[in-house]
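At position 197 of the sequence shown the residue is numbered 196 (numbering that gives the first Met the number 0), and the sequence of numbers has no breaks.
All C-beta atoms, glycine included, are put in the ideal place defined by N, C-alpha and C.
The model shown is predicted, which means the values in this text are computed figures rather than measured ones.
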Amino acid sequence: MQRLSAMNPSAFEIQPVENPATSQQRAAAMADLGFGRIYTEHMARVRYVDGQGWIDAKIVPYQPIQLDPAASVLHYGQAIFEGFKAYRQDDGGISTFRPEANALRFQTSARRLAMPEMPVELFVEAADLLIRQENEWVPPNVGESLYLRPLMIATEAGLGVRPAKEYLFLLFGSPSGAYFPRGIKPVSVWISTEYIRAAPGGTGHTKCAGNYAASLVAQRSAKEKGCDQVVWLDAFQRKYVEEMGGMNLFFVYTNGGKTKIVTPALTGSLLPGVTRDSILAIARDFGWEATEGTISVEDWKRDVETGALSEVFACGTAAVVTPVGEVKSKDGDFLIHGGETGPVATKVREQLLAIQHGQVADSHGWMHRVL
Ligand SMILES: *Cc1c(COP(=O)(O)O)cnc(C)c1O
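Now the structure itself:
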């Protein structure tokens with residue numbers, strides 16, 4: 000067993016598949032790209048053992064994993080994940096978008112769940128090596144990408160409730176098209192007052208598996224109300240908007256040709272999205288005012304009625320930017336921008352995609368060249 004130091008992450012052993020997919024097989028698999036439906040041929044795998052650190056770093060064939068039934072993750076839920084993308088560049092190369100930001104957030108998630116913090120360089124190296132191995136699986140068109148899914152679980156067997164001493168890190172890729180198959184068509188949202196996603200002091204700022212398990216019943220109830228997505232409110236007053244499903248929200252105000260975008264402030268119960276952070280910067284590049292603030296459901300409804308609020312859109316790695324066209328709640332329904340996609344959401348989406356595919360200057364140094 001080889002011990003990896005944070006300074007020397009390049010000690011991955013590469014074990015390629017014996018029978019790689021032919022280009023015809025790959026083309027068939029990628030003919031109709033959805034989101035998260037197909038996986039590539041390899042995965043990165045690193046173990047962590049208390050006292051030994053990060054060991055056994057490998058790129059291996061994509062395969063099921065074996066777990067002891069007493070493995071701690073299956074009982075007490077030490078499980079975290081991330082999501083970011085590799086994009087085909089205009090010049091044929093491949094780059095990822097802000098992978099260090101995901102690595103840092105993975106550390107934040109790990110810390111909150113009493114799991115070991117993977118060094119940023121090791122996280123990024125695992126992704127780079129996997130992407131180079133899977134070069135051919137990165138789709139060619141704008142809006143398509145190789146979605147990367149890193150995760151870490153507690154593998155130590157034992158029923159005592161305490162942080163495990165052994166963990167498994169995996170990272171695999173999924174060639175992806177549009178997250179919402181209907182494309183940039185606006186979504187309808189249900190404002191949940193019955194369920195909450197997170198409370199201050201909890202795990203809302205992390206990508207831990209339990210957050211998503213706890214959100215499914217609310218997502219299902221949104222579907223039953225005829226909505227695509229659920230909007231989460233603050234846990235105490237059920238009054239202030241936090242986020243939408245697995246995406247952050249932006250509120251667009253236009254006044255006399257001036258554009259201002261506002262996103263709910265990071266109170267500790269929201270997920271600090273990399274896309275959210277990037278859009279704040281892009282908006283300022285456009286000369287717009289971009290702030291973090293507090294938005295109540297009451298404000299939302301009133302400002303749509305007065306016309307001060309012209310658009311609302313959600314953002315996240317998977318779906319990039321998705322307009323919100325209709326809002327439903329127990330207090331009634333209303334449309335935003337006539338239920339249509341607005342110019343601000345369109346412009347932000349196009350700019351983000353252009354940066355991610357290397358079509359415009361990367362003035363913030365966000366792109367990480369892989370190949
Ligand atoms: C991942 C996620 C987001 C978006 O984060 P990005 O870094 O922009 O992909 C927003 N909200 C929740 C709950 C999430 O899990």
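Shown here, P98 sits in a helix according to DSSP, grouped into three states. The alpha-carbon separation between A100 and S277 amounts to approximately 11 Å.
No residue range can be given for D227, since it is assigned to no alpha helix (DSSP H) and is classified by DSSP as neither H nor E. In this structure, the beta-carbon distance from L32 to P174 falls below 8 Å. Rounded to whole angstroms, V45 and A153 show a C-alpha spacing of 12 Å. Taking C-beta atoms as the reference points, E291 and A313 fail to come closer than 8 Å. In this structure, the C-beta of N247 approaches ligand 1 to less than 7 Å from one of its heavy atoms. In the assembly as shown, G50 is an exposed residue. Its beta-carbon has fewer than 16 other beta-carbons within 10 Å. Distances between the C-beta of E310 and the heavy atoms of ligand 1 are all 7 Å or more. Residue pairing for S173: DSSP places it in a beta bridge opposite Y146.
In this structure, G91 has its CB at a distance of at least 7 Å from all heavy atoms of ligand 1. The beta carbon of R36 sits closer than 8 Å to those of S173, all from its chain and outside the five residues before and after it, given in chain order.
Counting C-beta pairs with one atom in each stretch, the region 194-209 and the region 78-88 have three or more that are closer than 8 Å, which means they touch.
Distance from the CA atom of G255 to the CA atom of A344, rounded to whole angstroms, is 18 Å.
In this structure L370 is not in contact with R97, their Cβ atoms being roughly 17 Å apart against a cut-off of 8 Å. Not one heavy atom of ligand 1 is found less than 7 Å from the C-beta of E133. Distance check between V347 and each of V323, L279 and S295 places L279 closest, using alpha-carbon atoms only. Taking all protein chains in view, the Cβ of E242 is crowded by 16 or more other Cβ atoms within 10 Å, so the residue is classified as buried.
Check the Cα spacing between G244 and each of V251, T262 and A221: the tightest is with A221. Taking the C-beta atoms as reference points, V230 is found no nearer than 8 Å to Q218. Under the three-state reduction of DSSP output, S362 falls in the coil class, being neither helix nor strand.
Counting only the Cα atoms, W53 lies some 36 Å from V141.
The continuous beta strand (DSSP E) containing S328 extends over residues V319 to S328. Counting every other CB atom within 10 Å of its CB across the protein chains shown gives F235 a total below 16, marking it as exposed. Residue pairing from DSSP places A43 in a beta bridge opposite I58 and L170. At least one heavy atom of ligand 1 sits closer than 7 Å to the Cβ of C314. Using a C-beta cut-off of 8 Å, the region 100-114 makes contact with the region 153-170, since at least three inter-stretch Cβ pairs fall below that distance. Per the C-alpha coordinates, the member of A317, T293, F333 and A318 positioned closest to E304 is F333.
In terms of Cβ geometry, Y61 and T39 form a close pair [threshold 8 Å]. Following the DSSP letters along the chain, one finds Y86 inside the beta strand (DSSP E) bounded by residues F83 to R87.
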